[in-house]
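Below is one structure, written out as structure tokens; comments come after it.
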Amino acid sequence: MSYDDVLDRYEPVLGLETHVELGTATKLFCGCSTVFGGEPNSQVCPVCLGLPGSLPVTNRAAIEFTIKIGLALHCDIAEWCRFARKNYFYPDMPKDYQVSQYDEPLCTDGYLDVALDGRTYRVEIERVHLEEDTGKTLHVGGDTGRIHGANHSLVDYNRAGIPLVEIVTRPIRGTGKHAAAVAKAYVSELRDVLRDLGVSDVRMEQGSLRADVNVSLMPPDADQLGTRTETKNVNSLRSVERAVRHEVERQAGVLDAGGRVVQETRHFHEDSGTTSPGRSKEEAQDYRYFPEPDLVPLAPPRELVEELRASLPEPPSVRRARFAETHGYTAVDMDQMTNAGVVDLVEATIDAGAPAAKAKGWWLGYLVGRAGELGLEVAELAITPAGVARISALEDEGSLTNKLARQVADAVLAGEGDVDAVIDAHGWRVAGEDELVAAVDAAIADAPDIAAKIREGNQGAVGPLVGAIMKATGGSADAKRARELILERLS
Amino acid sequence: MSGDSELCRLEASELAKRIADRDVSAVEVAQAHLDRIAALDTAYHAFLHVDVDGALAQAKRVDAGEVEGPLAGVPLALKDVIVTRGVPTTAGSRILEGWLPPYDATIVERMRDAGIVVLGKTNMDEFAMGSSTEHSGYGAAHNPWDLDRTPGGSGGGSAAAVAGFLAPLGIGTDTGGSIRQPAAVTGTVGIKPTYGGVSRYGLIAFSSSLDQAGPCARTVLDAALLHEVIAGHDSRDSTSIDAPVPPVVDAARDGDVSGMRIGVVKEFAGDGYQSGVTARFDEAVATLAGLGAEVIEVSCPHFDYALAAYYLIAPSEASSNLARYDAMRYGLRVGDDGEASAEAVMAATREAGFGAEVKRRIILGTYALSAGYYDAYYGQAQKVRTLIKRDFESAFEQVDVLVSPTTPTTAFKLGERVDDPLSMYLADLCTIPSNLYGGPAMSVPCGLSDDGLPVGFQVMAPVLADDRLYRVGAALEQALGTAALLDEVWRRDHAATS
Ligand SMILES: [Zn+2]
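So the protein lines, in turn, are chains Z and A. Each residue of the first sequence is one higher than the one before, counting from 212 in the numbering used here. Each residue of the second sequence is one higher than the one before, counting from 257 in the numbering used here.
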């Protein structure tokens, strides 16, 4: 049963909980570094290891970053709120409780507008709160990669205590068949907002931005929401879209068969694009939240909030509108580029010297497709905007044919080096006039039949000769010039 | 025992003076106390770990002139709930047996910088949960006044060490009375400073919103001198108050109570109070009146609910604070046979490592915080806490300090209450309100009861008015001559060991 069929019969309701690791220099409650990729357990201290007697002290920058996020999402900023302890036992939790926020989040009641196919969807934000990240557990042995079935586990606490902001939407309704695309566009837009704020490096592949995707289905005439599932730790934009599609199809299958959707957390599998059950909410823990007694309440002064509000950068949507006007892009162009996640890349390519139309053409017309084939996010491609601009310039000055240009791009994508290195290595350049003339003469001599037809005025016969010339020159000939030369000689 | 043991009889301020004057070296003083511990602590069991090398090394620093101060060279008994780098720290629990902390508590750093010589770590009820040290994972401590009796708890080890002349100074921690009740039953002075007055960084948490470290001593002035060393803002503890330390030493030297308004808490008298305790308390109040203080009876109606609120708030916080003892990173590990799951190892370790009282409170606290019960228990207890704060605030509009007996009875016999948690909890009836409020409180001796055992007099003051405790304490100490009460303990031990 296809996704579109399902959505003729059910209304999808989405909810997104996005976790963002803040880019503060130090952790939330201690002075340890937050740099990614250190030796395991090299960035720890008594506080983030939760040693007996240690106490947390809140990192002011983390509070300010969280307020900025709240303001960028049009939230109210609490005048007074507290951290809370979320109690549960797990080896990657140094204290066996997580310092988080519960019923007193720092930011509440905001929204983010998401543009898709000429329509704007307003996604309401319920809350934005600050908490500490946990350590990372590596389950060794076994074949599930999870704690059950592993032979032993290793825990790295470098990540423990890194400030994490959780952004929770209210249920998103009215997206219909666009549900999966809206989910992806929301995370993409949120990522742009966070990046522009400079509060996080928002790298999904490193886990500094991760989304939990809630999906439920309801028949069009129902008056309450259906039972939802929560798919955890979806780590790319593409996966967000796939996870929604999969859950919509899976849940419809259950409902159509007269079954009941189980409220549970599910795991997303990148390889198959499917989800599988995790912990069932029915056996969910009671986290016994209570106000964290080791920390004094947060009471951000109003002057600070206003100062931060005044410092906010232009929102990405406004920035994009200005960008469109400057470069003459249409609304459709912008939608396409936004949905493909290439606005920033196109802008950087223009900044590197490429004409607007060519920059857009390269990314949308070629590189997005290549990313799809390679299973990568377009931003993860091994070619830089400067590289694209360089190819485009070589094309314009006639040094590369369109075909050669794509060959160069592919070689860069394959990791062979930068644009000039690849061209040098392969000797790719447009054939010179002498070489071309020689090739034309040879082609004519080799195909007297075709030559005769052209002399008789059959211009359609030129094509095969051009093809032969391209082959003979390894694709480096300028096809247009080759055609001119053939006609000069055979007219 | 060597003749140097007379050094152990001196109070801290006197020892510090002699060391500064080079009449005696800090090493000699430390060695005298270490010898006395070796001779007597088999009977008291005040110490869980004696740090001979660390104590002598610090004493040498003092003798070399590397550190100075009003307490430089003075030995101290440190409650084992305070974290010490490289020195065993167990909080009285088997679950932390063998743990060598990689860092020092803030107050340990401050004491080291002041030249104080830490002799070792003292016995206590496990994770400070108890009023007798019988809940220690390593066996109870004994009261120097009567070895069959408790030195109180949870800080019974520090109190016994000070009362038994094993150290002139001690550090305790007070969550519901764990400094003051042991002080009362051992005839020593103990202070719970204003919450936030002394850094909690490196104090192994029992109940974070109540825990407070403070001084133990044989005289009010010694306690004040130690108070001044350990108090003051610490940026590593967010709940630490950024305000000047109250002038406790000046107040202790002064001891003038004329014109002070002293409120006697009406609710802390009557049934359950030993007659000798009531008699000594009333005499002390009369003494203060004779010194020119105005005595007023004050009602604090919500104090009756303090014990109930405390036994919800403290266990709730404890259930969370003690979660980290899960065998994953430090301390005891039980059942890790290579097959068992992490959950199974955690459960087996906590089963084996925690004693009965700790388990009782973890279960109580876990229940009180559970979904569906939170409002009725933890939430309700917080409301009571607010009412108790208001009782204090309105009382302090009428009076400068509140006073009561520290504990309803003198030292009880070991074994007498250990199987009856409720009667054990009653020992802290009078001390708990100050913890819930956050204000400072002191226990100072006010004589001996009919049974020949010491009685403690409690003084409670407003937040950050710690100096008032010392003013009242010094006045009583001088008028009643109570610092001499411990001579009896000294004479008896001296006769036994010389
Ligand atoms: Zn750290």
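Each residue gets a CB set at the ideal place from its N, CA and C atoms; glycine is no exception.
Query                                                                                                                                                                                              : Result
Regarding residue 309(Z) and ligand 1, is the C-beta to nearest heavy atom distance less than 8 Å?                                                                                                 : no
Mark residue 558(A) as exposed unless 16 or more other C-beta atoms lie within 10 angstroms of its C-beta, in which case mark it buried.                                                           : buried
Give a yes or no on contact between the region 502-509 of chain Z and the region 291-309 of chain Z, applying the rule of three or more CB pairs nearer than 8 Å.                                  : yes
Taking only three categories from DSSP, how would you classify residue 254(Z)?                                                                                                                     : coil
What separation, rounded to the nearest whole angstrom, lies between the Cα atoms of residue 270(Z) and residue 240(Z)?                                                                            : 6 Å
Given a cut-off of 9 Å, decide if residue 554(A) and residue 590(A) are closer than it, judged by their beta-carbon atoms.                                                                         : no
Pick from 567(Z), 561(Z), 525(Z): whose alpha carbon is nearest that of residue 541(Z)?                                                                                                            : 567(Z)
Using the rule of at least 16 other Cβ atoms within 10 Å of the residue's Cβ for burial, across every protein chain shown, is residue 825(A) buried or exposed?                                    : Residue coverage of chain A in this structure runs from 257 to 754, which leaves residue 825(A) outside it and unanswerable.
Whole angstroms are fine: how far does the CA of residue 441(Z) sit from the CA of residue 364(Z)?                                                                                                 : 25 Å
By Cβ distance, which residues of its chain are closer than 6 Å to residue 598(A), with the 5 residues on each side in sequence left out?                                                          : none
Applying the 10 Å Cβ sphere with the 16-neighbour rule, what's the burial state of residue 245(Z)?                                                                                                 : buried
Given 8 Å as the limit, tell me if residue 435(Z) has its C-beta closer than that to any heavy atom belonging to ligand 1.                                                                         : no
Counting along the chain, where does the beta strand (DSSP E) carrying residue 298(Z) start and finish?                                                                                            : 295-298
So residue 492(A) packs on residue 507(Z), CB below 8 Å; how close in whole Å?                                                                                                                     : Between residue 507(Z) and residue 492(A) the Cβ distance is about 14 Å, and since that is not below 8 Å, they are no contact.
With DSSP as the reference, label residue 431(A) as helix, strand or coil.                                                                                                                         : coil
What is the rounded straight-line gap between the Cα of residue 413(A) and the Cα of residue 562(A)?                                                                                               : 26 Å
What does the Cβ neighbour count give for residue 511(Z), buried or exposed, with the cut at 16 atoms within 10 Å?                                                                                 : buried
Count the CB pairs spanning the region 640-654 of chain A and the region 689-697 of chain A that are closer than 8 Å, and state whether there are at least three.                                  : yes
If contact is defined by three or more beta carbon pairs under 8 Å, each pair taking one atom from either stretch, is the region 435-444 of chain A in contact with the region 657-675 of chain A? : yes
How do the region 458-469 of chain A and the region 413-432 of chain A stand: do at least 3 beta-carbon pairs fall below 8 Å, yes or no?                                                           : yes
Please name the residue or residues paired with residue 527(Z) in a DSSP beta bridge.                                                                                                              : Bridge partners of residue 527(Z): none, in fact.
If you draw a straight line from the alpha carbon of residue 597(Z) to that of residue 565(Z), how long is it in whole angstroms?                                                                  : 9 Å
Alpha carbon to alpha carbon, how far is residue 350(Z) from residue 694(A)?                                                                                                                       : 46 Å
Could you name each continuous alpha helix (DSSP H) segment of 4 residues or more that falls completely within the region 614-666 of chain Z, going from the start of the chain to the end?        : 630-637, 644-657, 659-666
Using a Cβ-Cβ distance under 9 Å, would residue 264(Z) count as near chain A?                                                                                                                      : yes
Among 699(Z), 416(Z), 634(Z), 640(Z), which residue has its Cα nearest to the Cα of residue 648(Z)?                                                                                                : 699(Z)
On the three-state DSSP scale, how would you describe residue 683(Z)?                                                                                                                              : helix
Anything in the region 328-357 of chain A with a Cβ closer than 9 Å to a Cβ of chain Z? List those residues in chain order, please.                                                                : 337, 338, 339, 345, 347, 352, 355, 357
Would you mind reading off the limits of the alpha helix (DSSP H) that contains residue 680(A)?                                                                                                    : 677-681
Going along the region 447-479 of chain A in order, which residues come within less than 9 Å of chain Z, judged by CB to CB distance?                                                              : 455, 456, 457, 458, 459, 460, 461, 463, 464, 465, 466
What residues of chain A sit near residue 306(Z), judged by a beta carbon separation below 9 Å?                                                                                                    : 576, 577, 579, 580
Under 9 Å between beta-carbons, which chain A residues line up against residue 586(Z)? List them in chain order, please.                                                                           : Near residue 586(Z) there are no residues of chain A at all, since even the closest Cβ is about 34 Å away, more than 9 Å.
So which residues on chain B does residue 492(A) lean against when the C-beta distance must stay under 8 Å?                                                                                        : Annotation note: the requested chain B is absent from the structure, which comprises protein chains Z and A.
For ligand 1, I want to know if residue 437(A) counts as a neighbour, meaning its beta carbon is within less than 8 Å of at least one of the ligand's heavy atoms.                                 : no
What ranges does the alpha helix (DSSP H) occupy inside the region 561-599 of chain Z, keeping only unbroken runs of at least 4 residues that lie completely in it?                                : 567-573, 579-585
Can you give me the Cβ contacts of residue 252(Z) inside the same chain, cut-off strictly under 7 Å, excluding the 5 residues immediately before and after it?                                     : 367, 368, 369
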